[in-house]
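Colleague: Here the protein sequences come in this chain order: R and F. Sequential numbering from -1 applies to the first sequence in my numbering. Sequential numbering from -1 applies to the second sequence in my numbering. Even for Gly, the Cβ is constructed at its ideal location relative to N, Cα and C. Please see the structure below; I have some questions.
2 protein chains.
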Amino acid sequence: MGSSTAVSHRTQAQRFAAFKDALRERSLKSTSQRDDIARVFFANDQHISVEELYREVKRVNPRVGYATVYRTVRLLRECGLAAERHFHDGEARFENVEEEHHHDHLICERCGRIVEFANDAIERLQEQIAARLGFVITRHKMELYGLCAECRSGRTPHAAAKRESRVSRT
Amino acid sequence: MGSSTAVSHRTQAQRFAAFKDALRERSLKSTSQRDDIARVFFANDQHISVEELYREVKRVNPRVGYATVYRTVRLLRECGLAAERHFHDGEARFENVEEEHHHDHLICERCGRIVEFANDAIERLQEQIAARLGFVITRHKMELYGLCAECRSGRTPHAAAKRESRVSRT
DNA sequence: ACTGGATTGAAAGTGATTCTCATTTTCGTG
DNA sequence: CACGAAAATGAGAATCACTTTCAATCCAGT
């Protein structure tokens, strides 16, 4: 059956260093706000919204403004360190990017739990379909919505608390 | 290889009748606004935005308000006659729902052309993956973004004009 | 340390969508 | 057909997530 494998290859510190390098490369300045926001982002291995990130950062450094969190998150995206996702709750969520491989999401509609997965067979089929219709794919988005085992079993829904941070390679 | 088949099984008139039936079932009132909006929606076999729908309806009946178009589109969605889609241009688009089968989208990032397709093999794989992770799928979303043959060949991009309204069954 | 351009925060601005509420319309009943 | 309650409408205000503005502040190269 499917095997679950952890795939966080870079440590927080390595990611943070990559961020600092990216700033230098682009001749952008290092500021305490950027550092704090990036650190909190890298420490959080989940699908975090800007709102959530803002609140977390506030606890570390109460002087940061909302706009700066947005700006920094955009910066992280442009540096290839964050990936933006739009699930169906209206707000964008960001996740750490691992150089390795793209993945998709399985979302529990009851408790909000998000499980990541990757499947090569599906990716190959997508390429085939696109090719038949004359397209070359540059990126894709696949989200499966449903109910997780726990929610179906009627046990206490755990308020999206236990978000998975592993990719299941199937 | 893949075969393309037209799948619009209900005529505009049949869809309109279904709408009127749905209103009656829910003891909602028939109004000229609702009728006009629904008629325009059913006549348009593409992925229309509320803005576009509003403009079209205005030409038929200039007294309809923006809010009513939004309300009616929501109603159509609730009646199962319209499906809401969120591609990456910020605004929601609605399409006619055919009872038959769900489909996914292939979107050209250059000209905006949207091609629909359906693929059972992928759907089966999705079910398998979800099952392995303990989920039961209720719905999904799959969008492939890329470049269509025409845009890659460098010919004049046709400003999203020729939107496809056929589902390619692959 | 100096200094000019980058960065920041607060608040105003956006764009899509929803809500409010006074006015109008529909439709079952008399 | 006329009533009248309940529903629907439209104009504009409100909301929500996000971006921009701009004066004040901060960083980094000299």
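1) In the structure shown, what three-state DSSP assignment does Val62/F receive?
2) Is Phe17/F helix, strand or coil by DSSP?
3) When the cut-off is 8 Å and only beta carbons count, does Gly132/F lie next to chain R?
4) Since His138/R and Leu142/F should fall inside the 8 Å C-beta cutoff, what is the C-beta to C-beta distance between them, to a whole number of angstroms?
5) Can you tell which of Gly144/R, Phe133/R, Ala119/R has its C-alpha closest to the C-alpha of Ala129/F?
6) Check the Cβ of Gly144/R against every Cβ in chain F and list those closer than 7 Å, keeping chain order.
7) Inspect the beta-carbon positions of Ala80/R and Val71/R and report whether they are closer than 8 Å.
8) Using a C-beta cutoff of 8 Å, does Glu76/F count as contacting chain R?
9) Quick check: what's the CA-CA separation for Ile135/F versus Arg22/R?
10) Using only CA atoms, which one of Arg108/F, Ala15/F, Phe92/F, Gln12/F lies nearest to Ser47/F?
11) Can you find a C-beta in chain R that's less than 8 Å from the C-beta of Arg150/F?
12) Measure from the C-beta of Glu23/F to each C-beta in chain R and report whether the shortest distance is under 8 Å.
13) Strictly below 7 Å CB to CB, what residues from chain F border Asn94/R?
14) Which residues in the same chain as Arg75/F place their Cβ atom closer than 8 Å to its Cβ, once the five residues preceding and following it in sequence are excluded?
15) Based on the DSSP output, what are the partners of Ser47/R in its beta bridges?
16) Does any residue of chain F have a CB that is nearer than 8 Å to the CB of Cys109/R?
17) Is it buried or exposed for Glu114/R, if we count other Cβ within 10 angstroms and need 16 for buried?
18) Step through the CB atoms of chain R and report whether any lies within less than 8 Å of the CB of Ser28/F.
19) Would you report the Cα separation of Gly152/R and Asp19/R, rounded to the nearest angstrom?
20) Tell me which residues of the region 34 to 64 of chain F have at least one Cβ-Cβ distance to chain R shorter than 9 Å, keeping chain order.
21) Please go through the same chain and pick out, in chain order, the residues whose beta-carbon is closer than 7 Å to the beta-carbon of Ser28/R, but skip the five residues on each side of it.
22) By how many angstroms is the C-alpha of Ala90/F removed from the C-alpha of Asp33/F?
23) Report the rounded CA-to-CA distance for Ile112/R versus Asn59/F, giving the unit in angstroms.
24) Counting only beta-carbon atoms, is Glu121/R nearer than 8 Å to chain F?
25) To the nearest whole angstrom, what separates the beta carbons of Val67/F and Ile35/F, a pair I think is in contact under 8 Å?
26) What's the gap between the Cα of Phe85/R and the Cα of Gly63/F?
27) Where does Ser166/F land, buried or exposed, given buried means 16+ other C-beta within 10 angstroms?
28) With DSSP as the reference, please indicate the residues paired to His84/R in a beta bridge.
29) Identify whether Arg111/F lies in helix, strand or coil by the three-state DSSP scheme.
30) Give the residues of chain F in contact with Gln124/R, contact being defined as C-beta atoms less than 7 Å apart.
31) Starting from Val113/R, find everything on chain F with Cβ-Cβ shorter than 7 Å and list it in chain order.
32) With the cut-off set at 8 Å, would you say Leu123/F and Ala119/R are in Cβ contact?
33) Using the rule of at least 16 other Cβ atoms within 10 Å of the residue's Cβ for burial, across every protein chain shown, is Arg13/F buried or exposed?
Modeller: Reading it off the structure:
1) Three-state DSSP puts Val62/F in coil, outside helix and strand.
2) helix
3) yes
4) 5 Å
5) Per the Cα distances, Gly144/R.
6) Ala128, Phe133, Val134, Ile135, Thr136
7) yes
8) no
9) 45 Å
10) Phe92/F
11) Judged by the 8 Å Cβ criterion, Arg150/F is in contact with chain R.
12) no
13) Within chain F, no residue comes near Asn94/R; the closest Cβ sits about 20 Å away, beyond 7 Å.
14) Ala81, Glu82, Phe92
15) Arg91/R
16) no
17) With 16 or more other Cβ atoms from the protein chains shown falling within 10 Å of its own Cβ, Glu114/R counts as buried.
18) no
19) 48 Å
20) none
21) Lys18, Leu21
22) 21 Å
23) 45 Å
24) no
25) 6 Å
26) 30 Å
27) buried
28) Ala90/R
29) coil
30) Chain F residues near Gln124/R: Leu142.
31) Leu131
32) yes
33) With 16 or more other Cβ atoms within 10 Å, it is buried.
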